[in-house]
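A quick write-up on the structure given underneath.
Protein chains in written order, with the UniProt record's numbering: chain A, 1 to 668; chain B, 1 to 668.
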């Protein structure tokens, strides 16, 4: 059960946790809200293949037409909706899906091709710009929608046309003399093809995914040059005209697409961060499916993951410091906001990190992957949707600034992020749990990666296994497990986060083994202990930034939740908290809060004293600021009476000026 | 005597100081070396107006032809040489100047026009691209060369043709209906025109300078749009094709040229830093010449200066964090090197800061301007030439990195910096001293801004004033003054740097008044005290960076000299000193050093202990680095036995790996 998109079907998420409440909001509000936006913007009817005025509009991000992602916007909504309909029936959503599928089917060309832009706007030019035009990205998302649709509706109304389209791709791309030796500018289809192969067993689906992955970055791919450059020359591109997201001319920017070198040779993670995550997710899947022929990829995958988490990841799980290419900066370049030189931290990128982490857990059960997965979920990902489910972020900076407030938007021209939340929350049970069944031995190994109140149910030889976890995570560290296994031998592995200083269990399991961050409870013990409680104490702690980031800041965390300060609770602030500095030695108060306006429950934290506000430094100092005078000046800085922290994900839900910050200067 | 280019003629710089020795090197080596480069590269003969193979080469920095600055390269060499020939006769240099002037004269077109590119490469296109093509920048430097030439040779062989060219410009540009309402993309001619006006008294020279300064940034300059955009449309520019130095399309990048708004409305200093400095230098001159009609400019000038020095200047006096546009980043964005996200700190930009500071001192005698002037001189500017006078830097980063070593080059395609050092060192006496003469009262006010062993000589009504300063500055803080004034009443103002904690005088002047950083010695006292000693104790001190820079670093300074660590003296270093952190409480040893290889004398400083080396941080920390664990890890970091500092300007003279750093992490 390697894929959360299928594994989630064995789970049910209870309504009474933070994640459960967010899913309730999504079902009650977001699905229908987004459906209405799809209709209002023209996306809903786009597969009717009529001209839309948007197609004439100048591009916002040259050379990408503004409507280029419409196929995937619809597909991602369908996919997310199909997951969520399992949780709650919504007739209007159900009806829309069926209508959309009919329109998509009718848009397919006789040879299987299926793409709005190249059918309506630029017919005859298909597959001439793999680098920029997202044809296969759209196709990948439609394959994923088709798989979700097929699972929910138990028919192949969407899957069958997508398989026909993939047949065309399998003919078109590959190493053969008559084939194009290309690969997508924006990876996504690779992971979709591997999932399709999991369903169809058709070896050519696996082969095409492997081809796309291994051919990528080949410097001598076609006529002794990289495919993307060859293709651009064939189009007659003027290389001096740089796409908006390229800092230099095209030949120097293949790293944007992770196509500057074969993946196995890439020393560091580079470029557009969503592309990188989708690509590496497929790489991880391929390693799991064909481990023996993927040794080099495995080495590269660990190298790139480590480079990312050790040197290019924000404390919120966000990745991508650079707005221009929505992607990675240099090692340790992690400014908190625009006024510090950057910070992008795209929602979809952190969803991609979760996808990749979930895949890595399938090939290597190490809690370090799950820790990052959870970090992303409760911080960068959760903050991307407003409390009412109708506002979204694209980037998730760690500090606001006058240049860039941390407000949410109703929608985006490039609308990848909003429907991605649907998809993720719809299948979140598949991230919380994983399980391996051994039919012949009537046994199973179950892992709980995330502590979300939920249950897992599956059967082996007619025996039903039913495991429930219940608790108030992430606010309360007690998790109650109830396990019913019949005669099945179930081994249970519970993740112990790296930040947990102590754990308790009641009753204690004397044979429990703790390895790579998982506590293994043997099947024999489980058979004797149908109910037990795991306790992971949650208390505020300060996180630091690596010294090489030049962020001499500390960030407050409690369990997996990273905190921020916001002006709503600290109304004196005038400078986006840029001048606040704190002494980590000082003590906290925790408060159980039910927010007046939103009804959301969370733990707020107050630092009663120990915070000060940077004084106006005498201009005469600069630029030859005397270190001793500065120190004295800081020591006499005016104190801040109290500093109130809220979970970062909850920011920008209650009005205010939009002043917010995660990392606060460390008073030394 | 407002202009150092003329004032310097009243001074003579002694050979026995750091600056004196650099001038000796320039006369013995650099002038002839650069002359040879001018010849080898084709610049020397370019005014013969023959085709050169370089004119066919693809541009390195599109759309700027590689040879576009050749006029100014030659002009700046002539100008610098004319200053230095006053100090030391060099027949080969003298001969070359005369030959070059002949070639320049022969290159002038019948209507006065004089420019290599538009005569040879693109005839007929003159004045069609003021934004990019540096026509008037070249002209400005040629005017300055002509003034220097006229002063030294006492003829107008170069000045006369330049005045003819300026006549053409005066006809071509201005507010008249038949005139072009343009201004230069790269300011320089403005300050040259003001100096020319100082010589000629011709009001149209002043008027053209004022027009260029005040018309700049007019959004409705021509046909309701900015001149540069109007001009680009007229050329048929494709705006999506961005010049290499524009991060966005042309209409969004007028700030690069300080043309995004009229100067009086600009809130912050932006764009290419050399352009900004040359422009503001002319603004300061204009304010001095016509104070009553320049109130708004005066307000803007202070605002922009303060923004620069308080928020956009490195501890070395360097400006410009951003390589792409060779210019200013956001407020407080001052990373030390490429691997931290930037650092450019161009040589010419700091020379420009010195020019501007020197002009500001003429309108407001405040030592804060002189402090910055001196900071630039002894650090960013002095480091830009190797000890042998044959190696040069363009950018002057504060830390090396694997991406960007701090080596010097023999020359550059865009060769603005190397001859700029000649010009500056040639006229440095004019920066050290300024003097105002009151003929009718037989009095003078003399200010000593820089403590460079030198003398100043001028006469009033037949009485000679001769003031000498002698000392070992910047290594020794004692300066001996000898003043001969005849019957002239000379008031002397001595700069007391802001960092000077105490000063002594022997004999003490009881009537001395200290105001805005200058110690005024009344004429009566001077008349009684022909010799005295000023002592400004020099001892190592730590400078800090403003907290908003996110540089939690300290830099060592002693007097005006900023220090760095270099691998030659600290051979254990592997990481460009990125992981070294120091405790500013620890004590120093100072050493008088005469360098084996170079013979250069300086004070070296050793921090005997208190420096440690960042340990390899456990990867498991990242990105949720526990603040307490990090602190413990740093406290147990391996000590560095001793840390040897050398003056920053002296780096990269003795081989080594090129590892160097100014700001070291502050151990807290």
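For glycine and all other residues, C-beta sits at the position ideal for the given N, C-alpha and C. Since this is a predicted model, take the numbers as computed values, not measurements.
Check, Outcome
"Using the three-state DSSP reduction, which class does residue 498/B fall into: helix, strand or coil?", "coil"
"Compile a chain-ordered list of the residues in the stretch 535-560 of chain A whose CB is closer than 8 Å to at least one CB of chain B.", "541, 542, 543, 544, 545, 546, 547, 548, 550, 551, 552, 554, 557"
"Taking only beta-carbon atoms, is residue 241/B less than 8 Å away from chain A?", "yes"
"Give the single residue among 252/A, 482/A, 187/A whose Cα lies nearest to the Cα of residue 534/A.", "482/A"
"Going along chain A, which residues have a C-beta under 7 Å from residue 623/B?", "309, 313, 314, 315"
"Are any of the Cβ atoms in chain B nearer than 8 Å to that of residue 384/A?", "no"
"Give the residues of chain A in contact with residue 340/B, contact being defined as C-beta atoms less than 9 Å apart.", "330, 332, 333, 548, 550"
"Looking only at its own chain, which residues have a Cβ that is under 8 Å from the Cβ of residue 541/A, when we skip the five neighbours before and after it?", "499, 556, 557, 558"
"Could you say which of 453/B, 523/B, 668/B lies nearest to residue 14/B if we only look at CA atoms?", "453/B"
"Beta-carbon of residue 473/B versus every beta-carbon of chain A: anything under 8 Å?", "no"
"Compute the minimum distance between the beta carbon of residue 194/B and the heavy atoms of the ligand MN, and state whether it is under 7 Å.", "This structure lacks the ligand MN, and indeed carries no ligand of any kind."
"Relative to the C-alpha of residue 314/A, which residue among 335/A, 167/A, 181/A is closest?", "335/A"
"Would you verify that the beta carbon of residue 639/B is, or is not, closer than 8 Å to some beta carbon of chain A?", "no"
"Could you give the distance in angstroms between the alpha-carbon of residue 389/B and the alpha-carbon of residue 213/B?", "36 Å"
"Which whole-angstrom value is the C-beta distance of residue 244/B and residue 61/B, which I expect to be below 8 Å?", "5 Å"
"Whole angstroms is fine: what's the gap from residue 595/B's alpha carbon to residue 416/B's?", "30 Å"
"Closest Cβ-Cβ distance between residue 626/B and chain A: below 8 Å?", "yes"
"What runs of the alpha helix (DSSP H), each 4 residues or longer, lie entirely inside the stretch 261-297 of chain B?", "273-289"
"Do you know offhand how far residue 169/A's Cα is from residue 298/A's?", "27 Å"
"Buried or exposed: which applies to residue 713/A, given that a residue is buried once 16 or more other Cβ atoms fall within 10 Å of its Cβ?", "Any property of residue 713/A remains undetermined from this structure, which presents chain A solely from 1 to 668."
"How about residue 264/B and residue 310/B: do their beta carbons lie closer than 8 Å?", "no"
"At a Cβ threshold of 8 Å, is residue 584/B touching chain A?", "yes"
"Can you give me, in chain order, the residues of the stretch 254-279 of chain A that have a beta carbon less than 8 Å from any beta carbon in chain B?", "none"
"Run through the stretch 342-388 of chain A for me and flag every whole beta strand (DSSP E) of 3 or more residues, listed as ranges in chain order.", "none"
"Check whether the Cβ atoms of residue 232/A and residue 261/A lie closer than 8 Å to each other.", "no"
"Please list, in chain order, the residues of the stretch 198-229 of chain A that have any C-beta partner in chain B closer than 7 Å.", "none"
"Is the beta carbon of residue 447/B sitting closer than 8 Å to the one on residue 433/B?", "yes"
"Does the distance from the C-beta atom of residue 627/A to that of residue 543/B stay below 8 Å?", "yes"
"What are the residues in the stretch 43-71 of chain A lying within 8 Å of chain B by C-beta distance?", "62"
"Assuming residue 588/A is part of the beta strand (DSSP E), what are its boundary residues?", "588-594"
"Kindly list the residues whose CB is nearer than 6 Å to the CB of residue 496/A, restricted to its own chain and excluding five residues on each side of it in sequence; keep chain order.", "503, 517, 519"
"Can a CB atom of chain B be found closer than 8 Å to the CB of residue 390/A?", "no"
"Tell me which same chain residues have a C-beta within less than 8 Å of the C-beta of residue 248/A, skipping the five on either side of it?", "242"
"Since residue 553/A is in the beta strand (DSSP E), which residue starts that stretch and which ends it?", "553-558"
"Could you tell me which of 475/B, 431/B, 515/B sits nearest to residue 3/B, measuring between CA atoms?", "431/B"
"Considering just the uninterrupted stretch of the alpha helix (DSSP H) at residue 627/B, what are its terminal residues?", "627-635"
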